[in-house]
Amino acid sequence: MELAKNVETVRNLGVKITESAGKLAEQVDGILILHDDGSKHLELAELFADKGKPVFIDKPIESSAVRAKKIMDICARNNCPAFSASSLRFTKELQSVQSNTSGGKILSAMTYSPYMERPSMSGWIYYGIHAVEQLFQLMGLGCREVLCINSNYGPVASGIWSDGRVGIARAGTGGYHGYGFTVWKEKETIVKAVNIDLIYAELLKKIRHFFKTGISPVTLKDSLEVIAFMEAANKSMAEGGSTVEMKIQSK
771 MELAKNVETV
781 RNLGVKITES
791 AGKLAEQVDG
801 ILILHDDGSK
811 HLELAELFAD
821 KGKPVFIDKP
831 IESSAVRAKK
841 IMDICARNNC
851 PAFSASSLRF
861 TKELQSVQSN
871 TSGGKILSAM
881 TYSPYMERPS
891 MSGWIYYGIH
901 AVEQLFQLMG
911 LGCREVLCIN
921 SNYGPVASGI
931 WSDGRVGIAR
941 AGTGGYHGYG
951 FTVWKEKETI
961 VKAVNIDLIY
971 AELLKKIRHF
981 FKTGISPVTL
991 KDSLEVIAFM
1001 EAANKSMAEG
1011 GSTVEMKIQS
1021 K
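When you read off a place in the sequence shown, starting at 1, and then add 770, the result is the number in the working numbering.
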């Protein structure tokens, strides 16, 4: 009944409802997978990967690294352009830091976001991802191990990159619930709070360009490493702050 009601509501708004994924794909330039439950993204990606259209998958790409790797493999087999990202990857504040190289390379970064959980997306996966995606956008790939401690105000995860750099993600459950980062460069330190009024518009610009070109601004390898980082952080947190090696599903 709820589904039928929702279908009728969107139809009344002028949205065309098709009978199948194939019929939908024939009429659009790209596919948006926007289910709030990341554990549903694999089955939805399976519907569209062979349709020849670019696919955007809302964060998180999936609820585990194993399932994220399956999406990666399905898209590779079908030559399906795909990407997944938090809108926090593309904020004007973060882009300004990345485009300005005058301070030298990034030596370390600390990012923050709110923290919430869902039954199918425990720990960091559902909402702490906003802090983690900012961190990876700044630090790049190559994290090898993670240590995470919890507190009354949310967990803090530290990652050690293969080149020895350290990145920190904080996800808050109390106090100020904003987004932002601190970046330590060779010649300067930058502290930014993110203006959330503009974050979704910047993501939509990236999606629009992706649908036009098929070129992803974020590789699925990036998304896989983000999920692996959060899984390692969850494991470390459950073990009282142990150091956990990152496990990337390579096969």
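Glycine included, every Cβ here is placed at the ideal spot set by N, Cα and C. Just so it is clear, the structure is predicted and the values come from calculations on it, not from any experiment.
Notebook entry, point to check: If we call anything under 8 Å between Cβ atoms a contact, is Arg859 one with Val988?
Noted result: Mapped onto the sequence shown, residue 859 falls at position 89. Mapped onto the sequence shown, residue 988 falls at position 218. Cβ distance < 8 Å, so Arg859 and Val988 count as in contact.
Check: What number of angstroms, rounded off, separates the C-alpha of Ala819 from the C-alpha of Gly945?
Finding: Here residue 819 is taken as the residue at index 49 of the sequence shown, counted from 1. Here residue 945 is taken as the residue at index 175 of the sequence shown, counted from 1. So the two alpha carbons sit approximately 42 Å from each other.
Check: If you run the structure through DSSP and keep just helix, strand and coil, what is Met1007?
Finding: Translated into the one-based positions of the sequence shown, residue 1007 becomes position 237. In the structure shown, Met1007 sits in a helix (DSSP, three-state: H, G or I).
Next item on the list: Mind checking who Val1025 pairs with in its DSSP beta bridge?
Entry: Given a span of 771 to 1021 for the chain in the structure shown, any question on residue 1025 remains unanswerable.
Item checked: Per-residue DSSP class, three states only, for Glu772 -> As a first step, residue 772 must be located in the sequence shown, where it is residue number 2. Helix, per DSSP.
Checklist line | Straight-line gap, Asp843 to Lys786 (C-alpha atoms, nearest Å) | finding: Counting from one through the sequence shown, the residue named residue 843 turns up at place 73. Counting from one through the sequence shown, the residue named residue 786 turns up at place 16. In a straight line, the C-alpha of Asp843 is about 31 Å away from that of Lys786.
Next item on the list: Return the Cβ separation of Glu1001 and Ala835 in integer angstroms, given the expectation that the two are a contact with Cβ distance under 8 Å.
Entry: For the purposes of this step, residue 1001 is identified with residue 231 of the sequence shown, where counting begins at 1. For the purposes of this step, residue 835 is identified with residue 65 of the sequence shown, where counting begins at 1. At roughly 6 Å, the Cβ-Cβ gap stays under 8 Å, so Glu1001 and Ala835 are in contact.
Margin query: Between Thr779, Thr788, Val953, which has its C-alpha nearest Lys875's C-alpha?
Written below: By one-based count along the sequence shown, residue 875 stands at place 105. Among Thr779, Thr788, Val953, the Cα nearest to that of Lys875 is on Val953.
Notebook entry, point to check: Could you give the C-beta distance for Cys918 and Gly808, rounded to a whole number, given that I count them as a contact under 8 Å?
Noted result: Counted from its first residue, the sequence shown places residue 918 at position 148. Counted from its first residue, the sequence shown places residue 808 at position 38. About 19 Å; that fails the 8 Å criterion.
Note to self: Starting from Cys845, trace the alpha helix (DSSP H) in both directions and tell me its first and last residue.
What the structure shows: Taking the first residue of the sequence shown as position 1, residue 845 is located at position 75. It spans 835–847 - the alpha helix (DSSP H) in which Cys845 sits, taken as one unbroken run.
Note to self: Need the endpoints of the alpha helix (DSSP H) that Thr983 sits in, please.
What the structure shows: By 1-based counting over the sequence shown, the position of residue 983 is 213. Unbroken alpha helix (DSSP H) run through Thr983: 969–983.
Next item on the list: Name the two residues that bound the continuous beta strand (DSSP E) containing Val936.
Entry: By one-based count along the sequence shown, residue 936 stands at place 166. Note, Val936: beta strand (DSSP E), 936–942.
Note to self: Assuming contact is defined by CB atoms lying nearer than 8 Å, are Tyr897 and Ser883 in contact in what I supplied?
What the structure shows: Locating residue 897 in the sequence shown gives position 127, where the first residue counts as 1. Locating residue 883 in the sequence shown gives position 113, where the first residue counts as 1. Their beta carbons are under 8 Å apart, which means Tyr897 touches Ser883 by this criterion.
Margin query: Looking only at its chain, what residues have a beta carbon closer than 6 Å to the beta carbon of Met891, apart from the 5 residues adjacent to it on each side?
Written below: Taking the first residue of the sequence shown as position 1, residue 891 is located at position 121. Gly808, Ser833, listed in sequence order.
Item checked: Glu915 in three-state terms, based on DSSP -> On the sequence shown, residue 915 is found 145 positions in, with the first residue counted as 1. DSSP places Glu915 in strand when its eight states are reduced to three.
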